[in-house]
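Chains as they are written, first to last, in the numbering used here: chain A, 1 to 327; chain B, 328 to 800. Ideal Cβ placement from N, Cα and C applies to all residues, glycine included. Here's the structure, in structure tokens; my notes come after.
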């Protein structure tokens with residue numbers, strides 16, 4: 001009987017598997033240099049690329065969800081020097097917002113203020129169907145992968161992130177497919193599962209191990225809660241005033257939600273956090289606007305955007321000039 | 328836990344790492360635990376069923392071996408079959424038989440109130456039940472001595488690479504490998520690695536991409552033009568082959584990496600020249616099971632032509648029923664039986680084939696036969712198999728005869744894009760009569776093939792793990 005060490009024989013080396021591995025490593029290294037600057041699937045790809053390749057020196061930085069992104073761009077049109085718009089999407093949850101701030105501070109001086117457009121900073125466990133596309137594909141520094149691995153406690157989730165890091169061709173596969181005309185990939189789904197009808201609660205299931213791990217590491221807090229606390233802590237350390245703004249909503253949405261549904265609890269938690277971190281300021285309620293100003297109940301129609309941007313521009317100016325904790 | 332998921336890759340990395348450092352006996356124990364974890368990842372509630380089936384057959388086989396009286400041995404083997412078929416019948420066929428009985432009663436004007444249970448089909452039950460049954464029958468036939476270690480037998484039934492979708496192994500092959508020492512070798516890793524890569528290519532590049540088209544054609548209430556029905560039928564034929572053969576190849580590759588040799592399950596069936604040739608290449612572990620434990624005991628071809636046809640139809644009827652508790656599966660099995668029967672009858676006219684060979688070269692005849700089988704004979708098979716009812720199958724076939732319709736050239740191009748590399752590789756393998764021919768090529772050519780397969784999987788393979796079709800059987 002031959003020894004098990006025969007797997008290390010020269011036969012295996014000659015089999016071509018090793019040469020294939022070397023060729024893949026070389027090809028992926030090259031892809032890693034070319035593809036990230038070539039394909040931008042969504043705003044998070046773009047923001048991350050810019051953060052890696054440009055330098056900023058802005059007084060105010062804005063992060064947050066897609067409504068925030070809409071407002072940022074409109075406010076920027078009104079007042080070019082007011083802020084640096086880096087709001088992206090609610091799908092990146094607070095984990096993504098925290099990593100974005102960290103990346104910003106790596107290469108740029110700390111801004112005086114950070115505007116954060118977010119409805120509930122405590123909600124999110126990286127289980128949305130969009131998480132794969134907005135978190136796993138995007139935040140691929142070892143530190144970020146390690147941090148998420150620790151919070152999430154899912155080896156599979158982590159392995160997918162490592163695959164995206166090591167294989168840029170895998171990370172940009174849909175974009176490459178889009179370049180082959182007859183494959184018919186005209187639009188890249190932001191959450192492929194949705195296309196296959198997997199929308200049950202729009203969240204993925206968690207393994208028993210992952211649930212146990214999160215209880216052990218995070219207690220009863222969500223991953224977003226922990227990331228948000230880290231973000232506030234970072235702001236406090238770097239002297240950045242943090243302004244938390246819930247997205248404006250349509251009247252019908254406000255009515256259907258009912259008075260203060262869930263909001264009171266969020267505000268209590270924010271107030272508790274505010275007692276620990278003086279840089280935190282928050283707006284306790286969403287502003288409510290008529291239904292016909294919204295194109296989908298959440299995002300403003302273009303025709304109303306500049307008027308509403310003006311509202312928020314004024315609000316922010318007043319708020320930042322004011323010394324009180326909230327408005 | 329799907330083979331085409333990161334979860335499985337991690338699982339196998341851990342299992343393989345442990346396998347490398349453990350001695351033989353511990354390897355088996357670890358593999359047994361891993362196999363139960365693998366199965367429990369789908370639904371832990373069915374672990375009990377797997378264990379019960381294992382324990383029952385383990386003791387049945389031992390009792391059968393210990394008994395001397397043929398009558399008692401026969402009674403025990405019948406009891407074992409009854410237990411196995413009871414499990415299978417309840418979980419897989421209960422509602423089918425109840426509904427069918429109600430339908431028949433309805434034709435005679437009765438409307439019985441029969442129970443209909445919400446039964447979840449345990450994944451892979453048909454596979455491990457048949458594997459376990461073959462063991463008891465082989466012990467009864469004295470072709471095998473009963474295992475004296477429950478853990479070894481439990482591993483034979485639950486061995487994770489082939490637990491949920493085969494190959495349906497025989498104890499003479501797998502159990503003997505479990506009981507003897509194996510070695511992890513460079514041969515096993517190189518060949519296993521190729522099988523795994525090829526299996527993933529078949530599954531995520533070919534099968535899952537073709538599924539996007541076939542799901543559309545076979546969707547409930549769909550009314551595709553005739554040309555799309557044809558394309559959908561042929562595409563589904565290739566899809567189900569690649570889905571199932573892909574799983575088998577990954578299973579064989581994973582096992583081979585650990586030193587286990589599982590049986591060949593698909594021997595290039597797309598290139599079969601006739602229905603008999605096809606069934607000699609398709610799902611071999613199951614077709615040989617049917618041959619050895621059903622067709623031959625019924626009398627096979629030995630008892631005259633009419634009984635031979637009867638045996639063929641009974642076998643193929645049960646083959647259809649094994650695939651699913653629905654009449655369209657039964658019709659699919661009977662259609663396969665019909666094509667086999669007709670082919671057997673036509674084989675009597677040998678001069679016809681010889682005339683063909685004389686008129687055109689033998690290789691041209693072969694190509695024509697393959698094309699005729701694939702395009703004409705096997706058009707109906709995928710339609711019957713993939714449809715959700717006989718009514719839908721009939722509707723789709725009627726659409727072909729209602730007109731060609733507008734041609735979606737991109738759809739045809741897409742199908743050719745996904746199947747061309749498959750056919751190229753299989754034709755090379757077929758001509759060389761060697762599934763591992765690539766491993767004998769010069770190293771640069773081998774690397775080129777590996778790279779092409781790897782990037783086909785990574786860049787063009789379906790992103791989200793799709794379940795294997797045969798899990799439902």
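Neighbouring residues, chain B, relative to residue i (Cβ below 8 Å)
i, result
"residue 24 (chain A)", "778, 781"
Cross-chain neighbours of residue i in chain B, by beta carbon under 7 Å
i, result
"residue 139 (chain A)", "What residue 139 (chain A) touches in chain B: nothing, since even the nearest Cβ is about 17 Å away."
"residue 14 (chain A)", "770"
"residue 282 (chain A)", "Within chain B, no residue comes near residue 282 (chain A); the closest Cβ sits about 38 Å away, beyond 7 Å."
"residue 156 (chain A)", "333, 334, 337"
"residue 405 (chain A)", "Outside the displayed span of chain A (1 to 327) sits residue 405 (chain A), for which this structure offers no information."
"residue 160 (chain A)", "333"
Burial state of residue i (16 or more Cβ within 10 Å)
i, result
"residue 262 (chain A)", "exposed"
"residue 447 (chain B)", "exposed"
"residue 419 (chain B)", "buried"
"residue 147 (chain A)", "buried"
"residue 309 (chain A)", "buried"
"residue 681 (chain B)", "exposed"
"residue 239 (chain A)", "exposed"
"residue 255 (chain A)", "exposed"
"residue 401 (chain B)", "exposed"
"residue 659 (chain B)", "buried"
"residue 343 (chain A)", "Past the edges of chain A, shown from 1 to 327, lies residue 343 (chain A), and the structure says nothing about it."
"residue 158 (chain A)", "buried"
"residue 246 (chain A)", "buried"
"residue 317 (chain A)", "exposed"
"residue 489 (chain B)", "buried"
"residue 91 (chain A)", "buried"
Under 9 Å by beta carbon: chain B residues contacting residue i
i, result
"residue 173 (chain A)", "785, 786, 787, 788, 790"
"residue 169 (chain A)", "782, 785, 786"
"residue 209 (chain A)", "Under the 9 Å cutoff, chain B gives no residues; its nearest Cβ is about 11 Å from residue 209 (chain A)."
Start-to-end residues for the beta strand (DSSP E) that takes in residue i
i, result
"residue 113 (chain A)", "113-117"
"residue 332 (chain A)", "Beyond the ends of chain A as shown, which are 1 and 327, falls residue 332 (chain A); an answer cannot be given."
"residue 532 (chain B)", "Per DSSP, residue 532 (chain B) belongs to no beta strand (DSSP E) and is neither H nor E."
"residue 453 (chain B)", "Looking at the DSSP string, residue 453 (chain B) is not in any beta strand (DSSP E); the run it does join, the alpha helix (DSSP H), is 452-467."
"residue 60 (chain A)", "60-64"
"residue 245 (chain A)", "241-245"
"residue 610 (chain B)", "First-last for residue 610 (chain B): undefined, no H or E at that position."
"residue 282 (chain A)", "280-282"
Residue range of the unbroken alpha helix (DSSP H) whose run includes residue i
i, result
"residue 176 (chain A)", "173-178"
"residue 53 (chain A)", "43-53"
"residue 670 (chain B)", "654-673"
"residue 399 (chain B)", "397-415"
"residue 568 (chain B)", "553-584"
"residue 145 (chain A)", "142-152"
"residue 650 (chain B)", "632-650"
"residue 99 (chain A)", "93-107"
"residue 471 (chain B)", "Looking at the DSSP string, residue 471 (chain B) is not in any alpha helix (DSSP H), and its letter there is neither H nor E."
"residue 17 (chain A)", "17-34"
Neighbour list for residue i in chain A, Cβ cutoff strictly below 7 Å
i, result
"residue 774 (chain B)", "16, 19, 20, 23"
"residue 289 (chain B)", "Residue 289 (chain B) falls outside the range modelled here, since chain B spans only 328 to 800, and no answer is possible."
"residue 520 (chain B)", "17"
"residue 538 (chain B)", "By Cβ distance, chain A contributes nothing, its closest Cβ being about 10 Å from residue 538 (chain B), past 7 Å."
"residue 733 (chain B)", "What residue 733 (chain B) touches in chain A: nothing, since even the nearest Cβ is about 16 Å away."
"residue 361 (chain B)", "None at all; the shortest Cβ gap to chain A is about 15 Å."
Under 9 Å from the C-beta of residue i: neighbouring residues of chain C
i, result
"residue 176 (chain A)", "Absence of chain C from the displayed structure is noted, the protein chains being A and B."
**Message:** Output needed in chain order: residues of the region 328-351 of chain B with a Cβ under 8 Å from some Cβ in chain A.
**Reply:** For chain A, the residues of the region 328-351 of chain B that bring a beta carbon within less than 8 Å of one of its beta carbons are 332, 333, 334, 336, 337, 347, in chain order.
**Message:** List, from N- to C-terminal side, the alpha helix (DSSP H) runs of 4 residues or more that fit wholly inside the region 731-791 of chain B.
**Reply:** DSSP runs (the alpha helix (DSSP H)) wholly in the region 731-791 of chain B: 736-759, 770-787.
**Asked** Of all the residues that make up the region 738-754 of chain B, which are near chain A by a beta-carbon distance shorter than 9 Å?
**Response** Only 738, 740, 741, 744 from the region 738-754 of chain B bring a Cβ to less than 9 Å from some Cβ of chain A.
**Request:** Note down, in chain order, all residues in the region 586-605 of chain B with a beta-carbon under 7 Å from any beta-carbon belonging to chain A.
**Result:** Residues of the region 586-605 of chain B that bring their beta carbon within less than 7 Å of a beta carbon in chain A are absent altogether.
**Request:** Please list the residues of the region 17-48 of chain A that have a C-beta atom closer than 7 Å to any C-beta atom in chain B, keeping them in chain order.
**Result:** Taking 7 Å as the Cβ-Cβ cut-off against chain B, the residues of the region 17-48 of chain A that qualify are 17, 19, 20, 23, 24.
**Item:** Chain-ordered residues of the region 561-580 of chain B with a beta carbon less than 8 Å from chain A
**Value:** Close to chain A, meaning a Cβ-Cβ distance shorter than 8 Å, is no residue of the region 561-580 of chain B at all.
**Prompt:** Fully enclosed by the region 298-322 of chain A, which alpha helix (DSSP H) runs are 4 residues long or longer?
**Reply:** The DSSP assignment places 302-321 as complete runs of the alpha helix (DSSP H) inside the region 298-322 of chain A, in order along the chain (cut-off: 4 residues).
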